[in-house]
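The structure under discussion appears below in the form of structure tokens.
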Amino acid sequence: MSDAVVFKKSLSIALVSVLHAVLPTCCAIVTLYVAERAYHVPVDNDFLLLVIAVAALSLGLLQPRGEITARLTSGRGVVSIDVVLRWLVLLSLLFAIGYVTKSSAVYSRRVILTWALVTPCLLVAASMLLYELLRRVLSDPGNRRRVVFAGCNDVSVALAQRLREHPELCMSVAGFFDDRSPERLEAEVSATILGKLSELATHVKQNQIDVIFIALPIRHVHRVLNLIDELRDTTASIYYVPDIYVFDLIQAKTRDILGIPVVSMCETPFAGYRGISKRCMDIILCLAALPLLLPLMLVISVLVAMSSPGPVIFRQRRYGLDGDQITVYKFRTMIVTQDGPNVPQAQKDDKRVTPIGRLLRRHSLDELPQLINVLQGRMSLVGPRPHAVAHNEEYRKLIKGYMVRHKVRPGITGLAQINGCRGETAKLEEMQQRVNHDLEYLRRWSLLLDLKILVKTTLQLLRHEKAY
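According to my numbering, the stretch in the sequence shown is residues 3 to 470, in order.
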């Protein structure tokens with residue numbers, strides 16, 4: 003939510019905002035000076051050059067990102083992690099400058115190491131202090147803005163509920179205006195109905211309403227224009243909340259194209275730097291895991307070769323990013339290698355599965371060769387599990403939104419798998435549940451979520467009973 007929507011003009015809020023902007027740079031410089039003096043290092047021209055470089059980098063990198071309201075609602079943990087990450091970026095750039103200019107040798111290693119370790123602790127402590135200070139300032143009743151909604155529906159009720167859950171946004175919801183009777187309302191009946199839409203302008207004038215959210219459906223554009231015209235005689239801030247949540251949104255964001263506002267309603271979460279960060283994590287973790295897993299994979303290869311005639315590695319066509327066909331590698335677990343228009347799913351006590359294959363499938367060890375797929379860029383460590391082409395063609399006709407899961411690279415594991423959606427999908431409802439989890443992953447994605455899924459997957463491999 004924009005700060006312009008939330009904040010009244012307040013000297014206290016302005017002062018805290020200025021403190022937010024200057025404190026990180028001051029912390030970095032003061033800590034560097036204290037470290038120099040603690041080790042009795044002279045403050046010379048080299049030190050002054052370092053202070054200038056630190057100040058310049060701090061002003062660009064240590065400034066709190068985003069609006070104040072976004073930081074307040076994101077939580078202390080997220081703010082702390084953000085501070086540490088930005089500090090690591092600053093250090094990396096500073097060391098790179100020292101390496102290129104060959105000037106790093108003139109500085110005391112003890113000073114730099116102490117400064118590098120102490121400063122992020124101080125920055126986190128200062129951020130938490132400012133975080134709490136800002137919350138206290140915003141909780142002042144004098145900063146609170148009175149809010150009403152034009153239109154009582156799911157989206158307006160949801161926004162009102164979030165405003166109530168976050169008092170730090172300083173917004174007090176007075177109620178809703180709607181022409182429908184409580185029996186006809188789509189939203190919960192507990193919403194306070196203050197009157198009809200025709201009574202809104204009068205109520206705003208008489209009750210010192212600060213903010214009006216117009217939450218009428220897009221099809222009622224003429225009604226919205228009439229309301230805005232009626233409210234021109236008030237000093238209230240007016241915001242239109244489009245009822246876009248009637249759609250099943252994936253990574254919805256507001257943007258503009260050459261000045262024209264647009265709303266993305268179904269988009270990959272891996273655009274820009276987010277895709278780069280996920281790909282880097284995939285490569286780093288794969289390169290770290292492969293040397294450790296290579297002896298186990300060699301043993302499995304020997305056991306598979308001895309278990310039955312056929313190739314050790316089973317290759318199967320599946321759908322990858324954007325629905326393009328990819329070849330996925332697995333250790334062969336069956337006496338057959340099926341990859342055609344009809345691929346029956348593995349069932350309990352399936353006679354096609356070899357004894358060693360049953361063990362591999364139960365603990366998902368047959369998926370280990372897909373680490374190569376990840377390094378190739380065909381797959382990711384975490385994402386929707388790829389299905390055989392035959393299964394894709396079957397389910398895309400039966401499940402709405404099935405192909406949206408291919409907006410990202412398929413994964414070795416995913417949100418569906420850690421929520422019990424593994425193994426055979428004998429019923430359509432089971433595949434629907436798996437797809438629901440996959441789409442939820444697209445909505446909620448973050449690197450932290452990927453790490454949680456990987457940890458939970460590792461723990462579940464030892465005791466899962468639905469893989470056969």
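Ideal placement from N, C-alpha and C gives every residue a C-beta, glycine not left out.
For clarity, every value in this text was computed on a predicted model and none was experimentally measured.
> Between R398 and the rest of its own chain, which residues show a CB-CB distance below 6 Å, the 5 nearest in sequence each way excluded?
Replying inline: On the sequence shown, position 396 is the one that residue 398 refers to. Same-chain partners within the cutoff: Y404 and M405.
> So A152 packs on I195, CB below 8 Å; how close in whole Å?
Replying inline: By one-based count along the sequence shown, residue 152 stands at place 150. By one-based count along the sequence shown, residue 195 stands at place 193. No, A152 and I195 are not in contact; Cβ-Cβ is about 12 Å, not under 8 Å.
> Do you know whose CA, among K104, D452, R78 and L50, lies nearest L287's CA?
Replying inline: In the sequence shown, counting from the first residue as 1, residue 287 sits at position 285. Selected option, being the one with the closest Cα: D452.
> Considering only C-alpha positions, which residue in the set L124, I99 and S279 is nearest to L64?
Replying inline: Position 62 of the sequence shown, counted from the first residue, corresponds to residue 64. Taking only the C-alpha atoms, the option nearest L64 is L124.
> At what residues does the beta strand (DSSP E) containing T103 begin and finish?
Replying inline: Counting from 1 along the sequence shown, the entry for residue 103 is found at position 101. Here T103 belongs to no beta strand (DSSP E); instead the alpha helix (DSSP H) covers R78 to T103.
> Contact between the segment 33 to 53 and the segment 82 to 92: three or more CB pairs below 8 Å?
Replying inline: no
> What separation, rounded to the nearest whole angstrom, lies between the Cα atoms of D181 and H168?
Replying inline: On the sequence shown, residue 181 is found 179 positions in, with the first residue counted as 1. On the sequence shown, residue 168 is found 166 positions in, with the first residue counted as 1. For D181 and H168, the distance between alpha carbons rounds to 28 Å.
> Between the Cα of F298 and the Cα atoms of L370, V314, Q378 and Q327, which residue gives the shortest distance?
Replying inline: Numbered from 1 along the sequence shown, position 296 holds the residue referred to as residue 298. What sits at residue 298 in the sequence shown is Leu, not Phe. With distances taken between Cα atoms, L298 lies closest to L370.
>> Quick check: the Cα distance between G359 and Q435, rounded to an integer number of angstroms?
In response: Numbered from its first residue, the sequence shown carries residue 359 at position 357. Numbered from its first residue, the sequence shown carries residue 435 at position 433. Looking at the two C-alpha atoms, the distance is approximately 27 Å.
> For the candidate residues M381, T459, T270 and S106, whose alpha-carbon lies nearest to that of C282?
Replying inline: Numbered from its first residue, the sequence shown carries residue 282 at position 280. Comparing Cα positions, the closest option is M381.
> DSSP three-state call for K454: helix, strand or coil?
Replying inline: Here residue 454 refers to the residue found at position 452 of the sequence shown. If DSSP states are grouped into helix, strand and coil, K454 belongs with the helices.
> A128 by DSSP, collapsed to three states: which one?
Replying inline: What you label residue 128 is simply residue 126 of the sequence shown in a count that begins at 1. Of the three classes helix, strand and coil, the one that applies to A128 here is helix, per DSSP.
> Would DSSP call F49 helix, strand or coil?
Replying inline: Working through the sequence shown from its first residue, we reach residue 49 at position 47. Here F49 sits in helix by DSSP.
> What do you reckon, are the CB atoms on V410 and L456 nearer than 9 Å?
Replying inline: The residue you call residue 410 lines up with position 408 of the sequence shown. The residue you call residue 456 lines up with position 454 of the sequence shown. Taking 9 Å as the Cβ cut-off, V410 and L456 do not qualify as a contacting pair.
> Is it true that the CB of L373 sits closer than 9 Å to the CB of T415?
Replying inline: Locating residue 415 in the sequence shown gives position 413, where the first residue counts as 1. Locating residue 373 in the sequence shown gives position 371, where the first residue counts as 1. Not closer than 9 Å, so no.
>> Report the start-end ranges of each alpha helix (DSSP H) in the segment 178 to 238 that is 4 residues or longer and not cut off at the edges.
In response: 202 to 208 and 223 to 232
> Once you ignore the five residues that flank N375 on each side, which residues in its own chain have a CB closer than 7 Å to its CB?
Replying inline: Translated into the one-based positions of the sequence shown, residue 375 becomes position 373. Hits under 7 Å: V330, Y331 and M381.
> For the candidate residues V301, K280 and R424, whose alpha-carbon lies nearest to that of L450?
Replying inline: For this step, residue 450 is matched to residue 448 along the sequence shown. Out of V301, K280 and R424, K280 has the C-alpha closest to the C-alpha of L450.
>> Whole angstroms are fine: how far does the CA of Q327 sit from the CA of R319?
In response: Here residue 319 is taken as the residue at index 317 of the sequence shown, counted from 1. Here residue 327 is taken as the residue at index 325 of the sequence shown, counted from 1. Cα-Cα distance, rounded: 6 Å.
>> Does V304 pass the burial test, meaning 16 or more other C-beta atoms within 10 Å, or should it be called exposed?
In response: Here residue 304 refers to the residue found at position 302 when the sequence shown is read from its first residue. Exposed.
> By the 10 Å Cβ neighbour count, where 16 or more other Cβ atoms means buried, how is D231 classified, buried or exposed?
Replying inline: Here residue 231 refers to the residue found at position 229 when the sequence shown is read from its first residue. Exposed.
> Does DSSP put Y242 in a helix, in a strand, or in coil?
Replying inline: The residue labelled residue 242 in the question sits at position 240 within the sequence shown. The answer is strand: DSSP assigns Y242 an E or B state.
> Looking only at C-alpha atoms, which of L400, A418 and I31 sits nearest to P122?
Replying inline: If you number the sequence shown from 1, residue 122 lands on position 120. For P122, the nearest C-alpha among the options comes from I31.
>> In whole angstroms, give me the CA-to-CA distance for V56 and L292.
In response: Taking the sequence shown and counting its residues from 1, the one referred to as residue 56 is at position 54. Taking the sequence shown and counting its residues from 1, the one referred to as residue 292 is at position 290. Cα to Cα, the separation comes out at about 39 Å.
>> Could you tell me the alpha carbon to alpha carbon distance between N209 and R164, rounded to whole angstroms?
In response: Numbered from 1 along the sequence shown, position 207 holds the residue referred to as residue 209. Numbered from 1 along the sequence shown, position 162 holds the residue referred to as residue 164. Rounded to the nearest angstrom, the two C-alpha atoms are 23 Å apart.
> If L92 sits next to L59, beta carbons under 8 Å apart, how far is it from one beta carbon to the other, in whole angstroms?
Replying inline: Residue mapping note: residue 92 aligns to position 90 of the sequence shown, counting from 1. Residue mapping note: residue 59 aligns to position 57 of the sequence shown, counting from 1. Between L59 and L92 the Cβ distance is about 5 Å, and since that is below 8 Å, they are a contact.
> Start and end of the beta strand (DSSP E) containing L383?
Replying inline: Looking up residue 383 in the sequence shown gives position 381. Where L383 is concerned, the enclosing beta strand (DSSP E) stretches over S382 to V384.
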